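Q:
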Amino acid sequence: MRTGTTMALLALLLSACGGGFRGTFEDELGMSALTFHPDGRVVMSSPVAGVERELTYEIDGDRIRVRLSRDNDAALLLTRVDDDTLSGPVGTRYRRKD
1 MRTGTTMALL ALLLSACGGG FRGTFEDELG MSALTFHPDG RVVMSSPVAG
51 VERELTYEID GDRIRVRLSR DNDAALLLTR VDDDTLSGPV GTRYRRKD
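Quick note: the sequence shown uses the numbering used here, first residue 1, plus one each step.
1) Provide the residue span of the beta strand (DSSP E) that contains Thr36, from first to last.
2) For Val90, which of helix, strand or coil comes out of DSSP?
3) At the level of alpha carbons, what is the spacing between Gly18 and Pro38?
4) Run the CB neighbour count on Val122, radius 10 Å, all protein chains shown included, and call it buried at 16 or more, exposed below.
5) Taking only heavy atoms of the ligand COA into account, decide whether any of them is closer than 7 angstroms to the Cβ of Glu28.
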C-alpha cells in the first residue's frame, strides 16, 4: 500500500514538472511569435523584423516568466488564459498558431 501511494505521488509530481510547455503563440497583429519547447527554451521571433532570439522560461501555475537576459532579472511575464491563449503586458494576447 505504501509503495503504491509513493509511486502514485511520484507519477503526479513528474507529470506536473516534466513534459514542459510547448507550442507556438503569435500576437494578434502577427508582429511577434513565441515558440515554447518542453525543455525550458523559448524562441522569440519577429517575422516582420527578421529577428530571432533563444531564451529560457519558467512556469509557476498559470504564469510564464520568459527571461530576457542572462545578466539580470528582466523578464516578459505572461499568463495562461486557456490552452490556446496567453496574455501579456498591456493586454497583448498571444494565440496558439500550431
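Backbone N, C-alpha and C fix where the C-beta goes; we use that ideal spot for every residue, glycine too. Everything numeric in this text was worked out from a predicted model, so none of it was measured.
A: The structure says:
1) Here the sequence assigns Phe to residue 36, which means Thr is not the residue at that position. Per DSSP, Phe36 belongs to the beta strand (DSSP E) from Ala33 to Phe36.
2) helix
3) Annotation note: pLDDT 43 at Gly18 (below 50); position unreliable, coordinate value reported separately. Each residue's alpha carbon lies about 8 angstroms from the other.
4) Not covered by the structure: residue 122. The range shown for the chain is 1 to 98.
5) With respect to the ligand COA, the structure shown offers nothing to examine, as it has no ligands at all.
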